[in-house]
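Engineer: Below: one structure in structure tokens.
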Ligand SMILES: Nc1ncnc2c1ncn2[C@@H]1O[C@H](COP(=O)(O)OP(=O)(O)O)[C@@H](O)[C@H]1O
Ligand SMILES: [Mg+2]
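Residue numbers (the working numbering), protein chains in the order written: chain A, 96 to 328; chain B, 1175 to 1972.
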């Protein structure tokens, strides 16, 4: 069995009489330590799948397991514990605390987990040594995204989930971010899932899951992923 | 068809922010309502009373004289400013009804022209109807009498029977009581024709003045004309004075507290408004980017302020006007016999407060819009930058700072970084605490006043009233078995400050009197200015009295000296060492008395003398009009009840009870204020709690995603708010005590001394209630943490 498994997962959103199937009978698996890219056009259901995997939302039906543990059946508190211990999030819209500095935002995540990395070092790693004491509103989108990555990395999670991490960044900064994510995957054997609508990123992944209209179109295994330096967009 | 999408947005926004919009409505309503309600209460009362007095021709003077005749009436009628004169026979009589209730009789010749009773049931009394009478409606109701029934009065051995024609209220009996509260079962009034009492002297002359008359001048002229008579004006007419005091107490209570109340609610409305607008910042940028003009954006956001505050303020204005007077005046209905209270038009002041409330909200809305609109669209679309890395001062004390837990650090930073928000929350809690303390203290002060008067000032247990046939004090003392018996003699007298300079006192506007005699001080323009006389109660004690504590060295006074109660001294501008001119009823010449001390007595202001000081005046012997008894033995009260000359016995506890009932209207205002202060506190705390929560919902969602447990997030919210609330409560105690003092000082009537008292229990209760409200609201909000949908809260950049 794979480290992560989705079996027949469906997520429906109901608004009045309309029912939107954001994830429609989704099944796939991801191995431990893999760098996985979920690819698909906007509205395909990628964020939905990631949210389900990260324990931020509950599936309407189907089962999800991570490391052999069923996520779908967890109680609210256990789900929180799972997010706390096992998952690192990088959000599409950063979601930093506006009244904490970059460093404090990272410290916020460090505070709740068992073996965190040192916040200032992680920030240095993402190239924000000089901006540590700035507030989010004083940082550019790319910088905020890097703070968001640092916040996720600092928890030293088993699972790193990134929703469009390069979406708001230019290609140079975007590549910097991707390099870091790839490094985390290879160095710490962290399982990294990256969501993107950008097909050019796909070659760096060991596994590419293609989505459309809430369904899995294809799962490709890439035995020989290219390094981040070799891709451009 | 192009619809107005801004209108759609406005309606949706209102629905979305319904909590805040609703609290703006409620807060505006509360603020305006308290003011308009209390304002209307006293204005309605005042207008109704004054109209009643005019319509029923309430006398301006009641002259007590030995016997009046046509000649005397004519002489008074000739005085400039006198409109009408009517003399009558007035006498307190027993009836043959069960329980020997008494009636004050007023017998007149012809139709009643002054102090005309108003018929409640039955018919009028015609001038030639010698056997009919008009009877006090409350007395009649309490004793089961109706029009057509007969009632028999006793004077000595004589019996006179009258048929009740009509049941009435009378302008001179708005308040009918021999002491503190009305007891209609045992005391009332009756009007008859004088024919039945033709052998009796007409011992009272009622005088009605023209509208433009100078009352002080006329009074002095009457005193000149009838030097032996005793002139009572409306100020010394108990009933009239009581109701006027009530009105003025109401009116002064209706200023300070409601204004503070209004200011607090306005403060919260304003901060809420600012925050609603601030939260719409990015949307403003969007509208601007879309090409909407500043004008239409402004109009859009002004509607956020205008409509809710208008709805609330006008609603409050109307609600206050039509509910509070009803409630408050109802409480007074037992005390005062008044015609139906008419609703006066909404006062200018109440209307202004309403307009002010709407205007302030719109202005603040305008200002915060302006501040935002003037920025360019791009910068509006970004969230506002907090001040760059401002460290709080406390962080510099590294030792302490690093000792704190992370969440405490976060709370502290949060508080200090969003200073305005924290400060406003603090100010809100502070002022609510202060208002509650003030409202509670009104009740405490009344309780304390009554307790201290009956517990520390009156040291006797019973008081027995004696009529003229009473004997010397020695006689009673010998026959009564009690720890202590003392006699006092009470007399109604007129006093004025004798010449010798000094201010004329704040009372009685020292009118120019020209040729009339009496003490004079030189006025500013060299005219003779004389202080108008004031009718007060003179109490003469035995030389070594112990049963009334005056808070002054009362035992030393002798040789034409007296003690004046401090409030009276204040009102008349008197001080120790000043000389008073004292006019006794039926005595032409005024006596001179020196003020030897001021007494701290709190209820009932007057003049006190010892027996020997009285005897030095050589105006008759000391003859007690009441006996004070401490710790009576078994037969003592029975003995007193058996005496013919004893007209009534009252125990101090029953007097105390009556006084408590007497301050009931005041207490109900206090109660009302407390109720309003509490509801204000609730709305304020709720509003601030919700606003804080809504503004930070994304942060809480993020914390949730990061794996913070619900209890951790909850404790973060609760702890932060508890810190603010506690700080606010503590900071509110002193302002509360201060405000209580101000309000009490402003509402002190002329015949009482209010010592503002704030019971520690009240402070604890006020703090406790505020804190409990706050905790309750925290719990409500903390419960909402569960309902935060992470996915949705984090989806969009707002
Ligand atoms: N809370 C929601 N309510 C209704 N529909 C939703 C909600 N969230 C997502 N959807 C719908 O589900 C579909 C998938 O959305 P999402 O997973 O965000 O797509 P992606 O991330 O691939 O762009 C979309 O059609 C979207 O409209
Ligand atoms: Mg998405």
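From the three backbone atoms N, C-alpha and C, an ideal C-beta is built for every residue, glycine too.
Against residue 152/A, what residues of chain B qualify as contacts under a CB-to-CB distance less than 9 Å, listed in chain order?
Structural biologist: Here the neighbours are 1963, 1964 and 1965.
Engineer: May I ask you to check if the CB of residue 152/A is nearer than 7 Å to at least one heavy atom of ligand 2?
Structural biologist: No; taking the cut-off as 7 Å, the Cβ of residue 152/A has no heavy atom of ligand 2 nearer than that.
Engineer: Hey, would you say the C-beta of residue 182/A is under 7 Å away from at least one heavy atom of ligand 1?
Structural biologist: Result no, Cβ not under 7 Å from ligand 1.
Engineer: Measuring alpha carbon to alpha carbon, tell me which of 1608/B, 1723/B, 1908/B and 1613/B ends up nearest residue 1629/B.
Structural biologist: Taking only the C-alpha atoms, the option nearest residue 1629/B is 1723/B.
Engineer: Ligand 1 heavy atoms versus the CB of residue 157/A: any closer than 7 Å?
Structural biologist: No, the beta carbon of residue 157/A sits no closer than 7 Å to any heavy atom of ligand 1.
Engineer: Near residue 1235/B, which residues of its chain fall below 7 Å by C-beta distance, leaving aside the five closest residues on each side in sequence?
Structural biologist: Closer than 7 Å at the Cβ level, and outside the excluded window around residue 1235/B, lie 1381, 1393, 1396, 1405, 1406 and 1407.
Engineer: When the cut-off is 8 Å and only beta carbons count, does residue 204/A lie next to chain B?
Structural biologist: It does; some Cβ of chain B falls within 8 Å.
Engineer: Going by DSSP, what residue range makes up the alpha helix (DSSP H) through residue 1474/B?
Structural biologist: Run containing residue 1474/B: 1468-1506, per the alpha helix (DSSP H) assignment.
Engineer: Hey, could you find the ends of the alpha helix (DSSP H) residue 1607/B is sitting in?
Structural biologist: From DSSP, the alpha helix (DSSP H) with residue 1607/B extends over 1593-1626.
Engineer: Out of 114/A, 104/A, 129/A and 124/A, state which residue places its alpha-carbon closest to the alpha-carbon of residue 285/A.
Structural biologist: Here the closest residue by C-alpha is 129/A.
Engineer: Output yes or no for whether 8 Å exceeds the beta carbon distance between residue 1377/B and residue 1241/B.
Structural biologist: Result yes, Cβ atoms of residue 1377/B and residue 1241/B sit closer than 8 Å.
Engineer: With a threshold of 16 other CB atoms inside 10 Å of the CB of residue 1899/B, please say whether the residue is buried or exposed.
Structural biologist: The residue in question, residue 1899/B, is buried, as its Cβ has 16 or more Cβ neighbours within 10 Å.
Engineer: Just confirm the distance between the C-beta atoms of residue 1871/B and residue 1962/B, as a whole number of angstroms; I'd bet it's less than 8 Å.
Structural biologist: Indeed, because the Cβ distance is near 6 Å, the residues count as touching under 8 Å.
Engineer: Considering only residues of the stretch 1198-1273 of chain B, which uninterrupted beta strand (DSSP E) runs meet the minimum length of 3 residues and lie entirely inside it, listed in chain order?
Structural biologist: With a minimum length of 3 residues, the continuous beta strand (DSSP E) runs that stay inside the stretch 1198-1273 of chain B are 1235-1238 and 1256-1269.
Engineer: How would you label residue 137/A, buried or exposed, when you count the other beta carbons within 10 angstroms and need 16 or more for buried?
Structural biologist: Exposed.
Engineer: Taking the alpha-carbon positions, what's the residue 1206/B to residue 1514/B distance?
Structural biologist: Approximately 26 Å between the Cα atoms of the pair.
Engineer: What ranges does the alpha helix (DSSP H) occupy inside the stretch 121-162 of chain A, keeping only unbroken runs of at least 4 residues that lie completely in it?
Structural biologist: Counting only runs of 4 or more, we get 141-148.
Engineer: If you draw a straight line from the alpha carbon of residue 1834/B to that of residue 1659/B, how long is it in whole angstroms?
Structural biologist: Rounded to whole angstroms, residue 1834/B to residue 1659/B spans 26 Å at the Cα level.
Engineer: When you compare each of 1292/B, 1215/B and 1649/B to residue 1232/B by their alpha carbons, which one comes out closest?
Structural biologist: Closest by alpha carbon: 1292/B.
Engineer: Based on the DSSP output, what are the partners of residue 1367/B in its beta bridges?
Structural biologist: Paired residues: 1282/B.
Engineer: Can you give the Cα-Cα distance for residue 1955/B and residue 327/A, rounded to whole angstroms?
Structural biologist: Computed Cα separation, rounded: 49 Å.
Engineer: What's the call for residue 1225/B, buried or exposed, on a 16-neighbour Cβ count within 10 Å?
Structural biologist: By the neighbour-count rule (16 or more Cβ atoms within 10 Å), residue 1225/B is not buried but exposed.
Engineer: Could you check the C-alpha separation between residue 1791/B and residue 1836/B for me, to the nearest Å?
Structural biologist: Spanning the two alpha carbons is a distance of roughly 36 Å.
Engineer: Whole angstroms are fine: how far does the CA of residue 1778/B sit from the CA of residue 1545/B?
Structural biologist: Residue 1545/B and residue 1778/B: Cα-Cα distance of roughly 59 Å.
Engineer: Closest to residue 1172/B by CA distance: which of 1665/B, 1738/B and 1719/B is it?
Structural biologist: Examination of residue 1172/B is not possible in this model, given that chain B is present from 1175 through 1972 alone.
Engineer: Note down the Cα distance separating residue 1326/B from residue 1275/B, rounded to an integer number of angstroms.
Structural biologist: Using only the alpha carbons, I get a separation of about 11 Å.
Engineer: Would you kindly check if the distance between the Cβ of residue 258/A and the Cβ of residue 148/A is under 8 Å?
Structural biologist: Not in contact: residue 148/A and residue 258/A (Cβ atoms no closer than 8 Å).
Engineer: In chain order, which continuous runs of the beta strand (DSSP E) of length 3 or greater are located wholly inside the stretch 258-291 of chain A?
Structural biologist: DSSP runs (the beta strand (DSSP E)) wholly in the stretch 258-291 of chain A: 286-291.
Engineer: Taking just the CA atoms, how far does residue 1346/B sit from residue 1845/B?
Structural biologist: Each residue's alpha carbon lies about 30 Å from the other.
Engineer: Let me know the secondary structure DSSP gives residue 1350/B once reduced to three states.
Structural biologist: Coil at residue 1350/B, not helix or strand.
Engineer: Along the stretch 1827-1845 of chain B, what residues have a CB closer than 9 Å to any CB found in chain A?
Structural biologist: Listed by position, the residues of the stretch 1827-1845 of chain B near chain A (Cβ gap below 9 Å) amount to none.
Engineer: Please decide whether residue 1882/B counts as near chain A, where near means a Cβ-Cβ distance under 8 Å.
Structural biologist: So, interface residue.
Engineer: Report the neighbours of residue 1873/B on chain A: residues whose CB is nearer than 8 Å to its CB, in chain order.
Structural biologist: Neighbours of residue 1873/B on chain A, chain order: 192 and 193.
Engineer: Which of the residues in the stretch 128-146 of chain A, read from start to end, lie with their CB under 7 Å from any CB of chain B?
Structural biologist: Listed in sequence order: 146.
Engineer: So does the stretch 191-210 of chain A actually touch the stretch 237-252 of chain A, counting three or more Cβ pairs closer than 8 Å?
Structural biologist: Enough Cβ pairs lie closer than 8 Å, so yes.
Engineer: Assuming residue 1614/B and residue 1848/B are in contact, meaning their beta carbons sit under 8 Å apart, how far apart are those beta carbons, in whole angstroms?
Structural biologist: With a Cβ gap of about 6 Å, residue 1614/B and residue 1848/B count as contacting.
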